[in-house]
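Chains as they are written, first to last, in the numbering used here: chain F, 1 to 802; chain P, 803 to 1157.
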Amino acid sequence: MKFTMSWLKEHLETKNKDTQIIDKLTDVGLEVESFENISSDLDNFKVAKIINAEQHPNADRLRVCDVDIGQQNIVKVVCGAPNAKKDLLTVYASPGSIIPKNNMKLTISKIRGVTSYGMLCSDSELKLSNESEGITELKPSKYSDKIGKSFFKNNSEKVVDLSITPNRPDCLGVRGIARDLAAAGAGKLKSISHKNIKKDGSQNIKVSITKDKNQGCTIFGSCLIKGVTNRESPKWLKEKIESLGQKPISAIVDITNYVMLDLNRPLHAYDADKIDKQIIVRNSKKDETFEALDNKQYKLDDGMCVISDQSGVLGLGGIIGGTRSGTELKTKNILLESAYFIPRSIRKTSKLLNIDTDAKFRFERGIDPQSIKAGLLKASQLISEICGGKISKFDIQHIKKYKNSEIKFNISLFEKITGFKVKENEIIKILKDLGFKCSKKKSELKLTIPSWRPDISQPIDIVEEVVRIKGYDNIETIEPKKNRLKDTLNKQQKLFHFLQRSIASKGYFESVTWSFTDSKINNLFKENLKEIKIVNPISSDLDVLRNSIFSNLAFYLKKNLDRGFKDISLFEIGPIFKNKNPGEQLTVIGAIKSGKISRLNWNEKERSVDIFDVKKDLIQTLIEAGYDKQNFFIRDKSPSYYHPGKSGSVYLDKDDIDPVAYFGELHPNIVKKLDIKTEGLVGFEIYLDYLKDNKIKLKDQKSHFEYSDYQKSERDFAFVVDKNYKAQDLIEIISSIDKTLIKSIKVFDIYEGENIPSGKKSIAINVTIQSSEKTLEENDLEKINKLIISTVESKSGAKIRS
Amino acid sequence: MSDIKKIRDEYLIRLDNNLNYESVNQIKTELFGKNGQISNSFKTLGSLPNEERKKFASDLNLIKEELQEKINLKIQEIEIKEINSKLENEKLDVTLPEREINQGKIHPVSQVIDEISSIFSEIGFSVEEGPDVENEHYNFTALNTPDNHPARDMHDTFYLDNNKEILLRTHTSPVQVRTMLNGKPPFKIIAPGRTYRSDSDQTHSPMFHQVEGLHIDKDINMGHLKGCLDYFIKSFFEVDKIKMRFRPSHFPFTEPSAEVDIGYELKDGKIVIGEGDKWLEILGCGMVHPNVLKNVNVNPDKYQGYAFGIGIDRLGMLKYGINDLRAFFETDYRWLNHFGFDPLDVPSNYRGLSR
Chain F
1 MKFTMSWLKE HLETKNKDTQ IIDKLTDVGL EVESFENISS DLDNFKVAKI
51 INAEQHPNAD RLRVCDVDIG QQNIVKVVCG APNAKKDLLT VYASPGSIIP
101 KNNMKLTISK IRGVTSYGML CSDSELKLSN ESEGITELKP SKYSDKIGKS
151 FFKNNSEKVV DLSITPNRPD CLGVRGIARD LAAAGAGKLK SISHKNIKKD
201 GSQNIKVSIT KDKNQGCTIF GSCLIKGVTN RESPKWLKEK IESLGQKPIS
251 AIVDITNYVM LDLNRPLHAY DADKIDKQII VRNSKKDETF EALDNKQYKL
301 DDGMCVISDQ SGVLGLGGII GGTRSGTELK TKNILLESAY FIPRSIRKTS
351 KLLNIDTDAK FRFERGIDPQ SIKAGLLKAS QLISEICGGK ISKFDIQHIK
401 KYKNSEIKFN ISLFEKITGF KVKENEIIKI LKDLGFKCSK KKSELKLTIP
451 SWRPDISQPI DIVEEVVRIK GYDNIETIEP KKNRLKDTLN KQQKLFHFLQ
501 RSIASKGYFE SVTWSFTDSK INNLFKENLK EIKIVNPISS DLDVLRNSIF
551 SNLAFYLKKN LDRGFKDISL FEIGPIFKNK NPGEQLTVIG AIKSGKISRL
601 NWNEKERSVD IFDVKKDLIQ TLIEAGYDKQ NFFIRDKSPS YYHPGKSGSV
651 YLDKDDIDPV AYFGELHPNI VKKLDIKTEG LVGFEIYLDY LKDNKIKLKD
701 QKSHFEYSDY QKSERDFAFV VDKNYKAQDL IEIISSIDKT LIKSIKVFDI
751 YEGENIPSGK KSIAINVTIQ SSEKTLEEND LEKINKLIIS TVESKSGAKI
801 RS
Chain P
803 MSDIKKIRDE YLIRLDNNLN YESVNQIKTE LFGKNGQISN SFKTLGSLPN
853 EERKKFASDL NLIKEELQEK INLKIQEIEI KEINSKLENE KLDVTLPERE
903 INQGKIHPVS QVIDEISSIF SEIGFSVEEG PDVENEHYNF TALNTPDNHP
953 ARDMHDTFYL DNNKEILLRT HTSPVQVRTM LNGKPPFKII APGRTYRSDS
1003 DQTHSPMFHQ VEGLHIDKDI NMGHLKGCLD YFIKSFFEVD KIKMRFRPSH
1053 FPFTEPSAEV DIGYELKDGK IVIGEGDKWL EILGCGMVHP NVLKNVNVNP
1103 DKYQGYAFGI GIDRLGMLKY GINDLRAFFE TDYRWLNHFG FDPLDVPSNY
1153 RGLSR
């Protein structure tokens, strides 16, 4: 909402300075977006003084002048005028200025080898007189203290731009703003003086509002103005319209706009001669069409509020008029409309047709239903003043009567909500200034809500009115109490934060990417999940919610590879979506690792990253989070975006149904499709929702401390097994032989090739044996050895390698 | 007796010589070997008369110990010499680079969320969360923003269905609704999380982060709101003084509503919080609207309180001097490395928020 300070002062009598008014606007909740001069071309013309004038070295008739243009700036200007001499006060135009006489734009230019910064102007160039000799001479008595100031009187007004919240339609008019300022003590609201206007005859175009279902119009006021001469608006009106950055069109259009901006009372002017017999306000029928003033053809749905005549639709009520009945310069007779449209109806129609107009913006927020007459009065009066014409009596049709609502307000509520006290009579004064009618009953106020405040309906709204006018500064700052109702984080949240930092501590950079992604990439990772389309995506490559974290990570990994990075470790912890309903999401950690380990290292051999790098990070993270590695179980099943032979899933327990994590190499086909160029690409995912909370609390874990002081022994075995045989199975067989004696099992070599039959491999393991009761003797150990060999051989078909 | 004294003297002198390991061993054998001189002297003990035997044995033991001690010292001396001579050939270039450790990083958004949680934890708030996908009811209607209300235009919403019933939450406020529906007052929570609006330029990104705050009890008023935010802003920016301005504003779910600005100045092109005469809007807040309380079955005549919503990314930008919001979500390795945090820097009350 824009307005000029002088316009505001037509409604507000105030001695406050502009800056005070600006501060006050902010204080009462009318946010000032900007407060600026209307930029004017004439600002570039400044009072200046020639402090030195010398002969131009290359031209007899030119002088080179040093000109004081204020604020200690001296510029060189080349001038041809004979009167350009030392100490002359004159008018200087800076480069970029447009000379009024010929509309030429000044540039910095070389005149016969001397650079001239701007120009000294003559009366005729400034359009002060038709002809003149030499440059303007200003009287020292009047101008000597104005050097550097704009020569032309600053008629460029300051424009305030407010951002009006949707609850305050009344402040979409200058008068509403003035009223708030007055209530806040920044002046006095002037009363509107109505000149008596002469009304001639009746409004003889019949108006009817049909009683359609959900009729969007409840009041339709109108008057005829006959015998007008539409023309260009007078200067004052043009300037008003222009000051807000709008273009004047014709007096009639400008007047309706002016009244709208002044009182927030939208109006519409029809060319009365183009109306076919009568006005019918009704619901549209499906597929009715009309051409609107934006020169677009609209096809209507049923149930939209239209203003029509016998031939069809004239306009969409409260949104936009039609070309058929629009006013032109030759228009003779006008029908002026001042109506009330229901916000809901306006919003629905404009959304469906995708039309945004000034009128729509106002009606959907709620126009004062009691401003029908005031609008007709002000506009018709201006029209007859400017364009002539006779004004008819006002015709007001309505299907609903608006009565001001009333509420009861218990004064104590104010202190209860705001924490501070305002005296009762001050509260009453504020409310009265805002237009409320007040009467008091004990500690209760009976309030009549002004018709221009559709936002006010209950006592809490009154609290807001009083506190914003009184000032938020008055609210005390109460130090917060430290009482706690619940733990800060619940178990799942603790796990989230722990895992996040645990992964980062292993060399991964945490990334935060969109929850949406490119469906083409998502398809590579979505498995059997449903694609979740965004109806109105921000761009076509962010068109679905992500089904996996890998789509975005892979995308950004590629970007970083393209930037020249090679060895990259990234992870993200966040939501993935299973389906489109609230709650159908999982919290997942996705991590990827590319390139090499120990690249270009002077003392370690470099190698590509492989799945055991990510498996290490994954397993270690789970251990750090408190899960027992002894129970972990690895299967070689994993989603299809992993390399089928180089990937696996992790179960917290062998009997669990859901894996808690996957790890592996990314599928080479996907790497190719995404055009990712790297030596190795591996990753893992952890599903936080499947990490059940079966951890023993640290205090219980710690209190259980057992160890054995007896000597431990280590034995090495090498078993020849089928090539596909899993080390995990071997370890399981051995560990279950004697859980009290076998303390740890370590795989230390895998061998295929010479001396091993084809289709077989050798797994070498180291077993630590220790008793908690005694030092084991050689024959005890020998017994265990034999048992290990025989059990493994019988359960797995392995052969001990001799 | 004089025999063994002689042996002693002789060998002590020999052991003072510059010997190698082998010669010391040779001496050891000569003295203590099977037919060593000391061993042999012990064998003579049996043939001595009782009265002499005791004295002789005692002397012999003393001499044995003395010689053994001397031999041990000699061996140690030789070993140290050997090590020292080896060391001369064991010189490394210690200026060669150490083995690499890959330092991981925590994203600034996560760090800031942890800072915020830590600050609010100190005054008894707990953390709640809600789903990213919401229905229209929780995101708007229950928050006193009915259908066809212009306030809905303030949020450019992403929809997941054509009926506009399922959407990506435009703010964290639906967590208020869910929390209050699932519990009984009092409530004292914050709810950080992802939020979405179909808006994209330098200062807006289609996804961003908010933290919601909600404190409902019997007598929580605007003074408590002011106090809470004053405490939070000071703690977060780690300053003792802050210039803060409450400006009346409008949100459908609070009444009265306010926007909060903090004072700042520009020093060398950088924003310095707390001083100066410029204002920066950082959050919206207000007293929870009675309609919202009714919608979640809390009696507004008995309970009241405040709510606020703060842009997390923006707070992070201000605190850590990050200029471009969009960079948060672009996963540029260089950016993450620079603006990311050491995972060991866990914001906490007793160690402080940040280094």
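Even glycine gets a Cβ: it sits at the ideal position worked out from N, Cα and C.
Where residue i and residue j are concerned, what is the direct C-alpha to C-alpha distance, given to the nearest angstrom?
i, j, result
"F/E714", "F/G664", "32 Å"
"F/M119", "F/S243", "29 Å"
"F/L329", "F/D276", "20 Å"
"F/D610", "F/K739", "32 Å"
"F/S405", "F/Q458", "10 Å"
"P/P976", "P/L1085", "17 Å"
"F/E773", "F/E732", "24 Å"
"F/G113", "F/K158", "41 Å"
"F/K76", "F/T115", "7 Å"
"P/E832", "F/E778", "39 Å"
"P/E868", "P/K893", "39 Å"
Report all residues from its chain with a CB closer than 8 Å to the CB of residue i; omit the five preceding and five following residues, and keep chain order.
i, result
"F/N16", "K24, A186 and G187"
"F/S735", "I742 and I745"
Span of the beta strand (DSSP E) holding residue i?
i, result
"F/N44", "Run containing F/N44: none; DSSP gives neither H nor E here."
"F/A591", "Q585 to S594"
"P/I968", "I968 to L970"
"F/Q620", "Not the beta strand (DSSP E): F/Q620 falls in the alpha helix (DSSP H), residues I611 to E624."
"P/F1048", "M1046 to F1053"
Please tell me whether residue i has its Cβ less than 8 Å away from any Cβ of chain P.
i, result
"F/L489", "yes"
"F/L691", "no"
"F/K226", "no"
Using a Cβ-Cβ cut-off of 6 Å (strictly less than) and excluding sequence neighbours within five positions of residue i, which residues of its own chain qualify?
i, result
"F/E444", "K408 and N410"
"F/V467", "T418"
"F/I51", "D66 and D68"
"P/F1143", "I908 and Q913"
"F/Y270", "S325 and L335"
"F/E606", "K596, S598 and R599"
"F/K799", "V720"
Under three-state DSSP, which class holds residue i?
i, result
"F/D161", "strand"
"P/K1020", "coil"
"P/G1118", "helix"
"F/Y725", "coil"
"F/Y270", "strand"
"P/C1030", "helix"
"P/N886", "helix"
"F/C121", "coil"
"P/F927", "coil"
"F/W7", "helix"
"F/N58", "coil"
"P/I1035", "helix"
Along the alpha helix (DSSP H) that carries residue i, what are the first and last residues, could you check?
i, result
"F/W236", "K235 to S243"
"F/Y258", "A251 to L263"
Checking contacts by CB at 8 Å: is residue i closer than that to chain F?
i, result
"P/V1098", "no"
"P/Y1135", "yes"
"P/M923", "The amino acid at residue 923 of chain P is misidentified as Met; the sequence shows Ser. Interface residue, yes."
Residues in the same chain with beta-carbon distance under 7 Å from residue i, minus the five sequence neighbours each way, listed in chain order, please.
i, result
"F/T26", "V32"
"P/E930", "V977, T981, I991 and A993"
"P/S1112", "Looking at the sequence provided, one finds Ile at residue 1112 of chain P rather than Ser. Excluding sequence neighbours, P/I1112 sits near Q1012, V1013, I1084 and L1085."
"F/T448", "N404, E406, F436 and K437"
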